[in-house]
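> Protein chains in written order, with our numbering: chain F, 1 to 388; chain E, 389 to 776. Beta carbons: idealized from backbone N, C-alpha and C, even for Gly.
There are 2 protein chains.
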Amino acid sequence: DRGYATANMADPYAAEPKRHHIFQPRSMKPFNAEPPLSLLVDSFITPNELYFIRNHLPVPEVNPEEYELEISGIGIKKEVVLTLEELKTKFPKHTITTTIQCAGNRRSEINKIKKVKGLDWGSAAISTAQWSGARLLDVLKHAGADVEHKDIKHIEFEGLDTDPAHQPYGASVPAEKALDPNADVLLAYEMNGEEIPRDHGYPVRAIVPGVVGARNVKWVGRVVLTDEESHSHWQRRDYKGFSSSCDWDTADFDKAYSIQELPVQSAICVPSDGATVSTVSGAVKAKGYAWSGGGRKIIRVDVSIDQGKTWINAKLNQDDSSIYRSWAWTLWEADIPLPENTKPGTQVEVICKAVDSSYNVQPETFEPLWNIRGVLATAWHRVTVTIE
Amino acid sequence: DRGYATANMADPYAAEPKRHHIFQPRSMKPFNAEPPLSLLVDSFITPNELYFIRNHLPVPEVNPEEYELEISGIGIKKEVVLTLEELKTKFPKHTITTTIQCAGNRRSEINKIKKVKGLDWGSAAISTAQWSGARLLDVLKHAGADVEHKDIKHIEFEGLDTDPAHQPYGASVPAEKALDPNADVLLAYEMNGEEIPRDHGYPVRAIVPGVVGARNVKWVGRVVLTDEESHSHWQRRDYKGFSSSCDWDTADFDKAYSIQELPVQSAICVPSDGATVSTVSGAVKAKGYAWSGGGRKIIRVDVSIDQGKTWINAKLNQDDSSIYRSWAWTLWEADIPLPENTKPGTQVEVICKAVDSSYNVQPETFEPLWNIRGVLATAWHRVTVTIE
Ligand SMILES: [Mo]
Ligand SMILES: [Mo]
């Protein structure tokens, strides 16, 4: 016990941080919440106070003076311990802009088909920030790790957040990704130029660009070089995909593949589903985001108001990253012309779908994507609006 | 002119190699052909004589004694020339197993919706071989290239095959991919342990794993380090994807993204479409391939005979490559139980779809994938069979 255990035994959630009143909570203990979808596209970088929050356990109270990052595992003879000050001063500070998405983003749309286990996320369990910190690779080399060692197959991150039995949150990433200098994996201590807020991993979190949120471990207290995946519940018994024919009795978690890089995704943020919208020059303006995992870049976003019979290309707002290291999302907008005879009060369904730099596309419907945990919900996004 | 021009001016196709009689040609001049689909799954490695053939121009006649590989471009002061012997002896020989797929594979299924421009490929414009050669990176370093030079954005490969106006085939690959040591890009001189057959690029071809066939340039005579994409017709005016609403009048080739890495794909090879099939213990046996570009590994193949209401997991036969460098396909097979009361003569539609290690999925139907060139045809594959 390194003094990080939650102080209040009666209510482990007694010391949670304050949160913005505008959040739409999906659970209170642990706290999980997304901002209003329409606010997401107001800026390329999500403000810290609006960044979606995905906690699996109580937020730990970490004293920065006492914080220790422990590094151990294959090839490290004696565990190496770094203070926060050492992490900030011993290594070059590296900054990247990356989008993090929860595996359960858009689960509510899967729930409409048949109820699954999990938080009922809308489409805003995704956000973008500039993260700064030390490169994982630099830290591991400093710790004396032989990063070429053939037995190192996974890099495990252990959180300082613990369950009532004192078991920490944990996850791992294949070493081939975590140790690739081009993968930009960080032990971050800043979010958008500030100390990382408590809800987002204060003082240190793992940033693994292009990879599902669950492996971007917050409040990292330990890094382990290992020959197998993390034994945590979240690595072994959660965050895996299954076929739509798999139920809780037949799902074989041992054989299923742990979610790492995520597939291509997009959503309409404006207008909101159910909204009444005005037209400008006979067109409806739509805005949204698109993103793909693994660093793949968005190359096209198609928008339709006639059930996909015709599509218009949205205008893309993206950074100048390469097609292999596009960690951040693309914001898009489109002016969608309505048919000339469209009457006030007409209901219109707006649809969007994105294409990434491997020409991966989103599937049309959710039925074939349905899975027991309701993860990986990437079918075409649809909102229905009424013309003013 | 380095003596490679086609000898016979009257018929540039007079000196084409002999081909296996079993091929199903899609065009004769240039020769394009695929093997019978059912033979593809007979072996993980496609025999050289059955490997699909995609030629854009006449097959050049190259005298190995006269062959020269020219290397030039940014940072190379004086063009470097290597003989075939030098390529084979000056560099470590590197061998990889990779699947190459034509961008037009399965175009015939897109043609059923609305006719497109292009060869009417079935599902066998894809094959797998073991390629050996020098690493591109080793050769470029030997040539004195500064591979870290910021202006090097693309690596261009020029073929020795030329059109009637003596313009060569050409294509380029982003430097970030071509120069990545983990991308396993080769200047190959062996195919499955033999000299590369003339139809497949004798004596030297580019192998760019995970990337569309069109960039795996055959008969490579020149490599250029450049700051822009190849100016060839095939890079600039072909091998690009468009939305289904784009026609030849509205397609903006300058703005569209050149196909490089391909999306997740799969097909049923056995039984053949239209076949009458026997059952074993009340089940139909199906076999096929699945593959994804960019080195992504196949993690699941689902097979259905009830229009996708239920799916069974196919058994996967794959190499032990990592999830980031899976260059070769996965062969799969499944015993699909028929409903108990299935009568002889019943027609059954078998469907397959694959999932890759980024959890990318294939889309259900072709309509939204339709594009003017009929490339990137990756919707669920379907064959209809009659139960014996
Ligand atoms: Mo998550
Ligand atoms: Mo091709």
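What are the start and end residues of the alpha helix (DSSP H) that includes Asp-138/F?
Looking at the DSSP string, the run of the alpha helix (DSSP H) that includes Asp-138/F is 136–142.
> Considering only the alpha carbon of each residue, which of Gln-307/F, Ala-328/F, Gly-308/F, Lys-309/F lies closest to Leu-316/F?
Ranking Gln-307/F, Ala-328/F, Gly-308/F, Lys-309/F by Cα distance to Leu-316/F puts Ala-328/F first.
> Name the DSSP bridge partner or partners of Trp-380/F?
Answer by DSSP bridge pairing: none, since Trp-380/F is not bridged.
> Can you name the start and end residues of the beta strand (DSSP E) that Ser-38/F belongs to?
From DSSP, Ser-38/F is part of no beta strand (DSSP E) but of the alpha helix (DSSP H) over 37–40.
> For a test of the three-state rule: what should DSSP assign to Ile-498/E, helix, strand or coil?
Reduced to three states, the DSSP call for Ile-498/E is helix.
> With a threshold of 7 Å between beta carbons, is Glu-391/F in contact with chain E?
Given a span of 1 to 388 for chain F in the structure shown, any question on residue 391/F remains unanswerable.
> Counting only the same chain and skipping the five closest in sequence on each side, list residues whose C-beta sits under 6 Å from that of Cys-102/F.
So the list reads Arg-54, Ala-125, Gly-213, once near-sequence residues are dropped.
> My output table needs one value for Glu-261/F: the three-state DSSP class, helix, strand or coil.
Strand, per DSSP.
> Hey, how far is the Cα of Glu-34/F from the Cα of Trp-121/F?
Taking the straight line from one Cα to the other gives about 8 Å.
> Would you tell me roughly how many angstroms separate the C-alpha atoms of Phe-52/F and Tyr-189/F, rounded to the nearest one?
Near 18 Å, if we compare the C-alpha coordinates of Tyr-189/F and Phe-52/F.
> Sort Cys-269/F, Pro-337/F, Gln-347/F by Cα distance to Lys-353/F and report the nearest one.
Lys-353/F has its Cα closest to that of Cys-269/F, out of Cys-269/F, Pro-337/F, Gln-347/F.
> Got a sec: which bits of the segment 356–367 of chain F sit with their beta carbon under 8 Å from any beta carbon on chain E, in order along the chain?
Within the segment 356–367 of chain F, the qualifying residues are Ser-357, Ser-358, Tyr-359, Asn-360, Val-361, Gln-362, Pro-363, Glu-364, Thr-365, Glu-367.
> Take the Cβ of Gln-347/F as the centre, count every other Cβ of all protein chains shown within 10 Å, and call the residue buried at 16 or more, exposed below.
Exposed, because fewer than 16 other Cβ atoms sit within 10 Å of the Cβ of Gln-347/F.
> Mapping DSSP to helix, strand and coil, what is Trp-622/E?
DSSP places Trp-622/E in helix when its eight states are reduced to three.
> Give the secondary structure of Asn-317/F by DSSP, where H, G and I count as helix, E and B as strand, and everything else as coil.
Strand.
> Can you pull the DSSP bridge partners for Arg-215/F?
In the DSSP output, where bridge partners are listed per residue, Arg-215/F has none listed.
> In terms of residue numbering, what span does the alpha helix (DSSP H) encompassing Thr-471/E cover?
That residue, Thr-471/E, is in no alpha helix (DSSP H); its beta strand (DSSP E) goes 468–471.
> Nearest chain E C-beta to Tyr-239/F closer than 7 Å, yes or no?
With 7 Å as the cut-off, Tyr-239/F does not count as an interface residue toward chain E.
> Check the Cβ of Val-173/F against every Cβ in chain E and list those closer than 9 Å, keeping chain order.
The premise fails here: Val-173/F is roughly 11 Å from chain E at the closest Cβ pair, so nothing lies under 9 Å.
> Roughly how many angstroms separate the alpha carbons of Thr-730/E and Gly-670/E, rounded to a whole number?
Using only the alpha carbons, I get a separation of about 9 Å.
> Residues in the same chain with beta-carbon distance under 6 Å from Thr-664/E, minus the five sequence neighbours each way, listed in chain order, please.
Closer than 6 Å at Cβ, skipping near neighbours: Thr-774, Glu-776.
> Does the beta-carbon distance from Trp-234/F to Ala-171/F come in below 7 Å?
Taking 7 Å as the Cβ cut-off, Trp-234/F and Ala-171/F qualify as a contacting pair.
> With a cut-off of 7 Å, does the C-beta of Glu-404/E fall near any C-beta of chain F?
So no, Glu-404/E is outside the interface.
> Which term fits Gly-345/F, buried or exposed, when burial requires 16 or more other beta carbons within 10 angstroms of its beta carbon?
Gly-345/F should be labelled exposed.
> Just to confirm, is the Cβ distance from Asn-759/E to Gly-629/E under 7 Å?
Against a cut-off of 7 Å, the Cβ pair of Gly-629/E and Asn-759/E comes out as a contact.
> According to DSSP, simplified to helix, strand and coil, what is Pro-562/E?
If DSSP states are grouped into helix, strand and coil, Pro-562/E belongs with the strands.
> Short of 8 Å in beta carbon distance, which residues of its chain neighbour Ala-141/F, apart from the five on each side in sequence? Order them along the chain.
Note that residue 141/F is Lys in the sequence shown, not Ala. Cβ neighbours of Lys-141/F beyond the five flanking positions: Val-147.
> Exposed or buried, what is Gly-391/E when buried is set at 16 or more other beta-carbons lying within 10 Å of its beta-carbon?
Any reading at Gly-391/E must be qualified, since the residue scores a pLDDT of 48, below 50, and its modelled position is unreliable; no value is offered.
> For Ile-323/F, return the contacting residues in chain E, with the cut-off set at a CB-CB distance below 7 Å.
Pro-562, listed in chain order.
> Quick check on Glu-546/E: buried or exposed, where buried means 16 or more other Cβ atoms within 10 Å of its Cβ?
Looking at its Cβ environment, which holds 16 or more other Cβ atoms inside 10 Å, Glu-546/E is buried.
> Any Cβ of chain F within less than 7 Å of the Cβ of Thr-485/E?
Answer no: the Cβ-Cβ gap between Thr-485/E and chain F never drops below 7 Å.
> Could you name the residues of chain F that Asp-690/E contacts, counting a contact when the two beta carbons are closer than 9 Å?
Ser-243, Ser-244, Ser-245, Pro-368, listed in chain order.
> If contact means a Cβ-Cβ distance below 8 Å, which residues of the segment 252–278 of chain F contact chain E?
Flagged, chain order: Tyr-257, Ile-259, Gln-260, Glu-261, Leu-262, Pro-263, Val-264.
> On a Cα-Cα basis, can you pick out the residue from Ser-632/E, His-769/E, Glu-437/E, Ser-710/E that is closest to Val-689/E?
Among Ser-632/E, His-769/E, Glu-437/E, Ser-710/E, the Cα nearest to that of Val-689/E belongs to His-769/E.
> With contact counted as at least three CB pairs below 8 Å, one residue from each stretch, are the segment 561–574 of chain E and the segment 456–466 of chain E in contact?
No, because fewer than three Cβ pairs between the segment 561–574 of chain E and the segment 456–466 of chain E fall closer than 8 Å, the two stretches do not touch.
> Around the Cβ of Gln-750/E, are there at least 16 other Cβ atoms within 10 angstroms (buried) or fewer (exposed)?
By the neighbour-count rule (16 or more Cβ atoms within 10 Å), Gln-750/E is buried.
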